[in-house]
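Notes for the one structure printed next.
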Amino acid sequence: MKNAAESAYQPSDDEEGVADGAASLGADGGPAANNTPAAGGQAVEEDFSDAFGDDADWLNEELSDEELAALGEEDFGDDVFGEEGFEDELEADFDDDELGAAPAIDEPVADAEAPALEEEAFADDAFADEGVAAEDYSEEDFSAEDFAAEDFAAEDFDAEEEAAPESGGALVTAAEAAAGAAGGALEEAHTYGGDITDLGGEDVDHRPVPRISIHAFCETPGVTQLLEKASVDRRLSKAHLTIHMGGVNKAIDHFQTASTPNLIILETTAGGAEIFAKLGELAEVCDPSTKVVIIGQVNDIILYRELIRQGVSEYIVRPNSPLQIIKTVADLYVDPAAPPIGKTMAFVGARGGVGSSTIAHNIGWCTAEEFKSDTVILDLDLPFGTTSLDFDQEASAGLVEALSSPERLDDVLLDRLLQKHTDRLSLFTAPSMLDRDFDLDDQAFETVLDVVRGTAPTIIVDVPHIWTTWSKRILMTADEIVITATPDLASFRNTKNLIDILGAARPNDSSPTLIINQFDPKTSAVQPDQFAEHVGIEPQQVIQWDPQLFGTAATNAAPLLEVGAKSKVAQSVRDLSGHLLGRSEANVARPKFSLSGLFKKK
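Following this line, the structure appears as structure tokens:
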């Protein structure tokens, strides 16, 4: 070994000899890899002493960067481990299938500790010892330091990943959302939909709000105006709505001494933890059965879910229509499993003898037979009603019996009292008797209508030309109002009065439907365009004067659509029926085309 070392390292007193000797050393100052001795390190040190003499102490000294650069080696100082790509190269040198993740590079490992470290770090139960599941590590082998708790904010998670209730995550997120809303950032980031002016089509719920007491506490004039418009709506005619200013704080003070209503509507401009703090104070003074609807400014799904979890019935974000508030209230008191209720269509004449009953009966027949919608016709002209004559039925006292004892009326009794004209058309005919007085309770009419609406989707109400408490209330609460007028001065004046009073009482509903009946261009005193100009409503249909068609239908107790199926009057009835039902075309069986028909003599 000594001879080999002497032959490998020849001492030289000049600088060139020292450089040549240093060039033959390894990167750590020891012998090069190809000259590594086979014996122990002690023999090598003795050989080095013999070869270099007293100058061998320089082997224990650390080489400078300049010396290493002269040797053509790289600087393996501390900052080399921070160079980009080093960690990737180091991990590539490890077989992940056998060794797992590479050891941390920030802590040096001694040679003597390496075997023990390998056994400890890559044992089969290494994850179990530290309480960490193996699946917590992704395929990219992230270390535990990469998952610092402070690196993950609540907003980094999807809004629909709801935090556990005990963690308070929903409250924190709601508070942050409220802070963003205060600065205007939330309002710019979210869109709350366009202006809502009406709820039409399938969104309309014709079921009125039951007799409940409602207290609303507002903070802004806009919501106050919406609630004021909602309070006069026909759907809230049974409910009693009281509006206060002051928001949640006012509600807390108010119910310290007052009893709580069935429903509380609260407007708040706060968000997050502040809302829940105020609700906690309100809960201390409210009855547990009281429902609460909150009108807020923050559109946050986490806030909404937390409010529902804590007992709030509904949360509305900045409503733009009184119908939106009414629908929310109605949904709280409507059984989702209950069938939908029927749509009431009230027909009234601008004066007597204009043909309102005839139009109502033919519309009812058309909706049932051609539009295939189950229909019930109620003839409320008890002493002089003509429903039994128009449909060739015997006059019945069923309607008077129902009005006399409305509390007894249910589905079973109603089915017994109604007269079946066809499979889809049922009649509540007037008794047409003058030997008794019909002094009935005004509330009875409304009760009977509520029961009838649960049996069919289309309810035709023939309202007589009288102005009483119950007739006025039926018109005010109907879903659709059809006014039949003739082109004369009396009808013109009365139509204007009806539309004015109905429009003021129904601000959230569409205008009544106007029909001009018995129109004759040559003899009529008032033209249809004059109705549109002075009354403010364009006539939906102008029915021409056809005494032969109407006379034949009345004599034969048949509907107009059967007597003159292809007449203009019949088409006007179909168009009006489709308009009231919201449909475009009836389910009419059309005759097939036949060439033989072209050659028939007319």
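One rule links them: number in the numbering used here = place in the sequence shown (from 1) + 1262. Note that the Cβ used here is the ideal one computed from N, Cα and C, for glycine as well.
For H1841, the enclosing alpha helix (DSSP H) covers residues 1830-1843. DSSP places E1795 in the helix class (H, G or I) of the three-state scheme. A1787 is positioned such that its CB atom lies no closer than 8 Å to that of L1760. Fewer than three beta-carbon pairs drawn from the region 1762-1778 and the region 1633-1643 are found closer than 8 Å, and the two stretches are therefore not classed as touching. Distances from the CA of G1615 to each of S1475, P1801, P1790, P1749 were compared; the closest alpha carbon is that of P1749. The Cβ atoms of L1594 and E1568 do not sit closer than 8 Å to each other. In the three-state DSSP reduction, G1615 falls in the coil class, being neither helix nor strand. With respect to E1490, I1476 sits apart: the two C-beta atoms are not nearer than 8 Å. Judged by pairs of C-beta atoms under 8 Å, the region 1794-1812 touches the region 1756-1775, as three or more such pairs exist. Approximately 16 Å separates the beta-carbon atoms of L1671 and V1723; this is outside 8 Å, ruling out the contact. For V1835, same chain residues with a beta-carbon under 7 Å away, outside a window of 5 residues either side, are N1624, I1625, C1628, L1822, L1823 in chain order. Residue pairing by DSSP places K1605 opposite T1720 in a beta bridge. In the structure shown, the three-state DSSP call for S1733 is helix. I1745 has its alpha-carbon roughly 12 Å from the corresponding atom of P1726. The beta strand (DSSP E) runs of length 3 or more contained entirely in the region 1638-1696 are, from start to end of the chain, 1687-1690.
For a cut-off of 8 Å, the C-beta gap from L1488 to I1587 is around 6 Å, short enough to register as a contact. Taking a cut-off of 8 Å on C-beta distances, the region 1596-1609 does not touch the region 1673-1682, as fewer than three cross pairs fall below it. Pairwise C-beta distances place the region 1827-1841 in contact with the region 1799-1806, as three or more of them are shorter than 8 Å. According to the DSSP secondary-structure assignment, I1578 is paired through a beta bridge with I1557. One thing to note: R1715 has its Cβ no nearer than 8 Å to the Cβ of K1634. Here N1759 carries a helix assignment [DSSP, helix/strand/coil]. Relative to A1747, the option among A1532, A1539, R1613, G1533 whose CA is nearest is R1613. Under DSSP, L1528 shares a beta bridge with F1479, I1556. When Q1792, A1740, K1784, L1675 are compared, the shortest CA-CA separation from F1754 is found for Q1792. For the 8 Å CB-CB criterion, T1531 and Q1559 form a contact. If you compare the alpha carbons of M1738, L1675, A1815, L1503 with that of T1717, the shortest gap goes to L1675. If you compare the alpha carbons of E1631, V1554, D1741 with that of I1570, the shortest gap goes to V1554.
When the alpha-carbon of A1657 is set against those of L1843, G1647, D1673, S1666, the nearest one is in G1647. Of all alpha-carbon atoms in S1493, R1473, A1608, R1496, the one lying nearest the alpha-carbon of I1743 is that of A1608. About 4 Å separates the CB atoms of T1720 and T1637; that is less than 8 Å, so the two are in contact. Here DSSP, grouped into helix, strand and coil, assigns L1503 to strand. Among the bridge pairs identified by DSSP, I1743 is matched with A1608. Comparing alpha carbon positions, the residue from N1561, P1472, V1485 closest to P1581 is V1485. The continuous alpha helix (DSSP H) containing V1714 extends over residues 1704-1714. In the structure shown, V1596 falls within a coil segment according to DSSP collapsed to helix, strand and coil.
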